[in-house]
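**Student:** The sequence shown begins at 45 in our numbering and counts up by one. Virtual Cβ for every residue (Gly too), placed ideally from N, Cα, C.
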Amino acid sequence: MIPQTSPGASYRAHQTEIDDAVARVMQSGIYILGKEVAAFEKEFSAYLGAHYGIGVGSGTDALHIALRACGVGAGDRVATTPLTASATAAAIEMAGAIPVFVDVDPRTGLLDPERLERAIKDDGSQRLKAIVPVHLYGYPADMEAITALANRYGLMVIEDCAQSHGASIDLRKTGTWGHMAAFSFYPTKNLGAIGDGGVVITNDRSLAEKARLLREYGWRERYVSERAGLNSRLDELQAAILRVKLPYLDRENRRRCEVAELYAHALAGSSLETIRPTAKVQHVYHQFVVMCDRRHELLVFLKEEGVGALIHYPVPLHRQPAYLPRRPPKEDSLAHSERFCGRVLSFPMFPELTNEQVGKVIHVVKQWETTVRVPA
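1. So what does DSSP say about Ala129, is it helix, strand or coil?
2. Taking the straight line between their C-alpha atoms, what separation do you get for Tyr96 and Phe345?
3. Do Ile76 and Asp279 have their beta-carbon atoms positioned less than 8 Å apart in this structure?
4. Rounded to a whole number of angstroms, what is the C-alpha to C-alpha distance between Arg216 and Ser315?
5. Does Thr318 come out as helix, strand or coil in the three-state DSSP assignment?
6. DSSP three-state label for Asp279, please.
7. Give me whichever residues DSSP pairs with Arg121 in a beta bridge.
8. Output the distance between the C-alpha atoms of Ala312 and Ile406, rounded to the nearest integer angstrom.
9. Tell me whether Ser228 sits in a helix, a strand or coil according to DSSP, three-state version.
10. Taking only three categories from DSSP, how would you classify Met200?
11. Leaving aside the five residues before and after Leu378 along the sequence, list all residues of the same chain whose C-beta is less than 7 Å from its C-beta, in chain order.
12. Determine whether the beta carbon atoms of Arg264 and Glu270 lie at a separation below 8 Å.
13. Span of the beta strand (DSSP E) holding Thr246?
14. Would you tell me roughly how many angstroms separate the C-alpha atoms of Ser50 and Tyr197, rounded to the nearest one?
15. Near Asp105, which residues of its chain fall below 7 Å by C-beta distance, leaving aside the five closest residues on each side in sequence?
16. Three or more beta-carbon pairs under 8 Å between the stretch 59 to 66 and the stretch 182 to 200, yes or no?
17. From Pro143 to Val351, what does the alpha carbon distance come to, in whole angstroms?
18. Val100 and Val288 look like a contact to me (Cβ under 8 Å); what is the Cβ gap, rounded to whole Å?
19. In whole angstroms, what separates the C-alpha of Arg236 from that of Phe229?
20. Three or more beta-carbon pairs under 8 Å between the stretch 314 to 334 and the stretch 79 to 94, yes or no?
21. Please state the DSSP three-state secondary structure of Arg371.
22. Suppose you measure from the CA of Ser250 to the CA of Val81; what does that come to, to the nearest Å?
23. Counting Cβ pairs closer than 8 Å, one from the stretch 109 to 124 and one from the stretch 151 to 164, do we hit at least three?
24. Using CA coordinates, which residue listed in Val325, Val69, Ala252, Tyr367 is at the minimum distance from Leu281?
25. Taking the Cβ atom as the reference point for each residue, do Tyr261 and Gly273 lie within a distance shorter than 8 Å?
26. Is it buried or exposed, His209, if we count other Cβ atoms within 10 angstroms and call 16 or more buried?
27. Counting only runs of 3+ residues fully inside the stretch 331 to 358, write out the beta strand (DSSP E) ranges in chain order.
28. Put Arg383 into one of helix, strand or coil per three-state DSSP.
29. Using the Cβ count rule (16 or more neighbours within 10 Å means buried), how would you classify Tyr367?
30. How far does the alpha helix (DSSP H) with Leu311 in it reach, from first residue to last?
31. Residues in the same chain with beta-carbon distance under 7 Å from Lys254, minus the five sequence neighbours each way, listed in chain order, please.
32. Here's a check: name, in chain order, each residue in its chain whose Cβ is nearer than 7 Å to the Cβ of Thr232, leaving out the five neighbours to either side.
33. Give the range of the alpha helix (DSSP H) segment to which Ala252 is assigned.
34. Could you pull out every residue in the same chain whose Cβ sits closer than 8 Å to the Cβ of His58, ignoring the five residues on either side in sequence?
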């Protein structure tokens, strides 16, 4: 079976270095907010071209803390896309705010700036406080247009970079466009830990200081809470593992791009649609997604032939039980998001995939095209 993703393969690719790093931490006797976390915060923020990094317990916590550091709180309205993981909306609601779902660009599945401006204007007296663009599947959102809108209307921008480690627009990395950004290091990410982890990124010293206070009870002085905070700390073991893997990130992203190009070339002219990046965008292919009108049939066929595939994501957030109260009044206002969710499918994608495995995936898809989908 070819898995859709394989955190274990990532561990095995770096096993000796990771085992040495884990042993180093275990021998140190310091397991929370020590030298490894401090070093990783500096190394990862430098990699992005940002000034400050604050390690936290998860990507969801990173987004929650960034929102609160930006002054988002009870009753505030935050624009985002419904085509994302539930964590995006969960973090907004954890901050006490209300997610406002805005439809996506039908070509990319990313937050549509034109519809975003419409949502900003439509809010009227209940105007938005912030925007959370999601860089989905490793493809950056249109940050030039989104930040221009934010500047025009006085809104905060917090990037959801859970799937975009190393992606860029005109060589400027995601995570450095907004006021703050949130990264996840869940094991399947392009830069994944062996457990949960996240980081808040910013170029603003004041916002960085607020995030540092928030992640640990609001303490500046131990046991004295300067503000109401929480407990969300990247631990030393995960930081040490991430430090091992960070120097390999660009090389592994290049391999993802090679795999994506093999898929895209082989599928040209097929019934499957793919998302192709523009020249100015560096896509890092956290997922390689295709759009298929008969997705369920293809998914079943792939599984029967030993190929793993997943759906990212099958139900848009505004259709999920937890967020039904957040549905917009106009039922067709999120039509593009719904169409994406109904057609999208993720093929196997991780840097340790061999060309032989990629070839098998392609062979199985072509077999489905000719023997199943196309009538005799």
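**Tutor:** On the basis of the coordinates in this document:
1. coil
2. 47 Å
3. yes
4. 34 Å
5. strand
6. strand
7. Ile142
8. 11 Å
9. strand
10. strand
11. Pro126, Phe145, Asp147, Pro360, His362, Pro372
12. yes
13. 242 to 246
14. 43 Å
15. Gly242, Ser276
16. no
17. 36 Å
18. Going by Cβ atoms, the distance from Val100 to Val288 rounds to 20 Å, so no, they are not a contact pair.
19. This sequence places Gly at residue 236; Arg is not what is there. Straight-line Cα distance between these residues: approximately 4 Å.
20. no
21. coil
22. 20 Å
23. yes
24. Val69
25. yes
26. buried
27. 332 to 335
28. helix
29. buried
30. 293 to 311
31. Ala113
32. Thr49, Pro51
33. 249 to 259
34. Val288, Lys289, Tyr292
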